[in-house]
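*Asks:* First the structure, which I've put down as structure tokens, then a few questions once you've had a look.
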Amino acid sequence: MRKLCSNTWCQASFEVTESDLKFLDKVSPVIGEKKLALPPPRLCYDCRQQRRLAQRNERNLYKRSCDLCKRPIISIYTPDGPHAVYCPECWWGDNWDPLSFGRAYDQNRPFFEQFGELYAAIPKMSTFRFKDDINSDYTHDGYRLKNCYFIFDGEQAQDCFYGECYVKMKDCCDFLYLTESELCYECIHCQNCFDLRYSSFCQNCSESVFLLDCVSCKSCIGCVNLVQKEYYIFNEPFSKEDYLKRKAAMNLHTHSGVRQLKALALENFLKHPGKALRGVMNENATGDNILSCKDSSYCFDCIGMRDCRFCTGCMMGGQDCQDVDAW
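Numbering (my numbering), first residue to last: 747 to 1073.
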């Protein structure tokens, strides 16, 4: 059935399919042997996602004091906000009891009104981090970090700066969705790469510049859709000696050299076909940048999803999920 988004500024038409209704019935909770059916959505997918993302501050950091130990800290909560905020060391520590904020449930009042009051009363962690992170105060939603600055939403990084969505990295800067890589700069959706720059959607590549959709390539420049190649420039093979001479002539240590190479690389990318879908080992799944997903639809940047829909950034897998952003 088709519905109109209930947001007055949107009112877009969207479809609630039979499979959507079956999914809602599947995940509806059963309390006291009675199934409490979840209603179909009133908002379109875009408005539902906007509402979710608006609830979280990801990258705006503020200076304030911990409300428990009183020392200066960096926080995702403004200093003039209504919440009590603890530094990670205090929040994970034993000097306060979260159960002391418990309260009786009043059946005569709306649930979410009472839940909102409880949420507002309990102290918040200044930034989502473990207390054993080292010299990484200016980060958020990061774990097992050392000497990192302005990176968000990931774990296990050392000497990394300015990026988001990462796992197991070292000496990387200006990145998005980067995993198990080292010495990478301005890379997007790359995995297991070393000394890679200005590249996107690459795997197991090293010592290369301006690659797109390449796998297991080394010492390549401005290439696209290559697999297991070495000493290629703009998708053409060269000897090692000629490759090194041409690379030196590009002056990649200068801004003008990089800018000129970028224009030539983009020109070469347009000469080759692009992927309709970036995905591997999927079954009955739609979206983009998906891996090992099954019976899932409208999933993006996800791995190992089963019976899911409208999910983004779920890199750790999931099952029976809808409208989820791992962000």
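Glycine is no exception: its CB is placed at the ideal position from the N, C-alpha and C atoms.
Can you tell me whether DSSP reads S1002 as helix, strand or coil?
*Replies:* The answer is helix: DSSP assigns S1002 an H, G or I state.
*Asks:* Short of 6 Å in beta carbon distance, which residues of its chain neighbour I880, apart from the five on each side in sequence? Order them along the chain.
*Replies:* Excluding residues within five positions, the ones whose Cβ falls inside 6 Å are K892.
*Asks:* Quick test of the definition: if touching needs 3 or more C-beta pairs under 8 Å, does the region 818-836 touch the region 864-872?
*Replies:* As far as the Cβ criterion goes, the region 818-836 touches the region 864-872, which means the pair count is three or higher.
*Asks:* Using three-state DSSP, classify V970 as helix, strand or coil.
*Replies:* V970 falls in the strand class under three-state DSSP.
*Asks:* Let me check understanding here. Comparing Cα to Cα, which of T824, F980, L789 and R802 lies closest to S811?
*Replies:* Comparing Cα-Cα distances from S811 to each of T824, F980, L789 and R802, the minimum goes to T824.
*Asks:* Is Q757 helix, strand or coil by DSSP?
*Replies:* If DSSP states are grouped into helix, strand and coil, Q757 belongs with coil.
*Asks:* Are the region 952-971 and the region 1008-1027 touching by the rule of at least three beta carbon pairs closer than 8 Å?
*Replies:* Enough Cβ pairs lie closer than 8 Å, so yes.
*Asks:* At which residue ranges does the region 865-944 contain complete beta strand (DSSP E) runs of 3 or more residues, listed in the order of the chain?
*Replies:* Taking only runs of at least 3 residues, the beta strand (DSSP E) segments lying wholly in the region 865-944 are 886-892, 895-904, 907-916, 919-928 and 931-937.
*Asks:* Using only CA atoms, which one of C936, Y989 and C1048 lies nearest to A1072?
*Replies:* That would be C1048, whose Cα lies nearest to the Cα of A1072.
*Asks:* Taking the DSSP output, what are the residues bridged to Y978?
*Replies:* Partner(s): C966 and P983.
*Asks:* What three-state label does DSSP hand D852 in the structure shown?
*Replies:* It is coil, neither helix nor strand.
*Asks:* In whole angstroms, give me the CA-to-CA distance for K1021 and N1035.
*Replies:* Rounded to the nearest angstrom, the two C-alpha atoms are 11 Å apart.
*Asks:* Using only CA atoms, which one of V1070, A867, A850 and I820 lies nearest to D843?
*Replies:* Of the candidates V1070, A867, A850 and I820, the one whose C-alpha sits nearest the C-alpha of D843 is A867.
*Asks:* First and last residue of the alpha helix (DSSP H) that includes R798?
*Replies:* Where R798 is concerned, the enclosing alpha helix (DSSP H) stretches over Y791 to L799.
*Asks:* Closer than 6 Å by C-beta to P775: which residues in its own chain qualify, once you throw out the five before and the five after it? Chain order, please.
*Replies:* Taken in chain order, the residues that qualify are L782.
*Asks:* Can you tell me which residues form a DSSP beta bridge with E1029?
*Replies:* K1040, per the DSSP bridge assignment.
*Asks:* Rounded to a whole number of angstroms, what is the C-alpha to C-alpha distance between S945 and Q853?
*Replies:* Taking the straight line joining both Cα atoms gives about 56 Å.
*Asks:* So who's on the other strand from P818, going by DSSP bridges?
*Replies:* DSSP, once it has assigned bridges, lists S811 as partnering P818.
*Asks:* What would DSSP say about S752, mapped onto helix, strand or coil?
*Replies:* DSSP places S752 in coil when its eight states are reduced to three.
*Asks:* Closest by CA to T754, which one among M747, D878, C793 and S765?
*Replies:* Per the Cα distances, C793.
*Asks:* Indicate the three-state DSSP secondary structure (helix, strand or coil) for G1064 in the structure shown.
*Replies:* The answer is strand: DSSP assigns G1064 an E or B state.
*Asks:* Given the structure, does S1038 come close to the ligand ZN, in the sense that its CB is under 7 Å from one of the ligand's heavy atoms?
*Replies:* In the structure on display, the ligand ZN does not appear, and there are no ligands present to speak of.
*Asks:* So, is Q801 buried or exposed, given that buried needs 16 or more other C-beta atoms within 10 angstroms?
*Replies:* Its Cβ having fewer than 16 others within 10 Å, Q801 is exposed.
*Asks:* Using 10 angstroms around the beta-carbon of S846, count the other beta-carbons present and answer buried if the total reaches 16, otherwise exposed.
*Replies:* Exposed is the call here.
*Asks:* Buried or exposed: which applies to R875, given that a residue is buried once 16 or more other Cβ atoms fall within 10 Å of its Cβ?
*Replies:* By the neighbour-count rule (16 or more Cβ atoms within 10 Å), R875 is buried.
*Asks:* So, F947 versus L958, is the Cβ gap smaller than 8 Å?
*Replies:* Closer than 8 Å, so yes.
*Asks:* Assign E779 to one of three DSSP states: helix, strand, or coil.
*Replies:* In the structure shown, E779 sits in coil (DSSP, three-state: anything other than H, G, I, E or B).
*Asks:* Please classify E804: does DSSP put it in a helix, a strand, or coil?
*Replies:* Of the three classes helix, strand and coil, the one that applies to E804 here is coil, per DSSP.
*Asks:* Using only alpha-carbon positions, find the residue among S1002, V1004, Y977 and T1000 that is nearest to K991.
*Replies:* Nearest option by C-alpha distance: Y977.
*Asks:* At the level of alpha carbons, what is the spacing between H886 and E804?
*Replies:* Taking the straight line from one Cα to the other gives about 7 Å.
*Asks:* Just to confirm the assignment, what range does the alpha helix (DSSP H) spanning V773 have?
*Replies:* Note, V773: alpha helix (DSSP H), E764 to V773.
*Asks:* Alpha carbon to alpha carbon, how far is T1000 from F940?
*Replies:* Rounded to the nearest angstrom, the two C-alpha atoms are 21 Å apart.
*Asks:* Determine, using beta carbons only, whether P787 and V762 come nearer to each other than 8 Å.
*Replies:* Going by C-beta atoms, P787 is nearer than 8 Å to V762.
*Asks:* Is it buried or exposed for I822, if we count other Cβ within 10 angstroms and need 16 for buried?
*Replies:* The residue in question, I822, is buried, as its Cβ has 16 or more Cβ neighbours within 10 Å.
*Asks:* Which first and last residues belong to the alpha helix (DSSP H) in which C836 is found?
*Replies:* Taken as a continuous stretch (DSSP letters only), the alpha helix (DSSP H) holding C836 covers P834 to W838.
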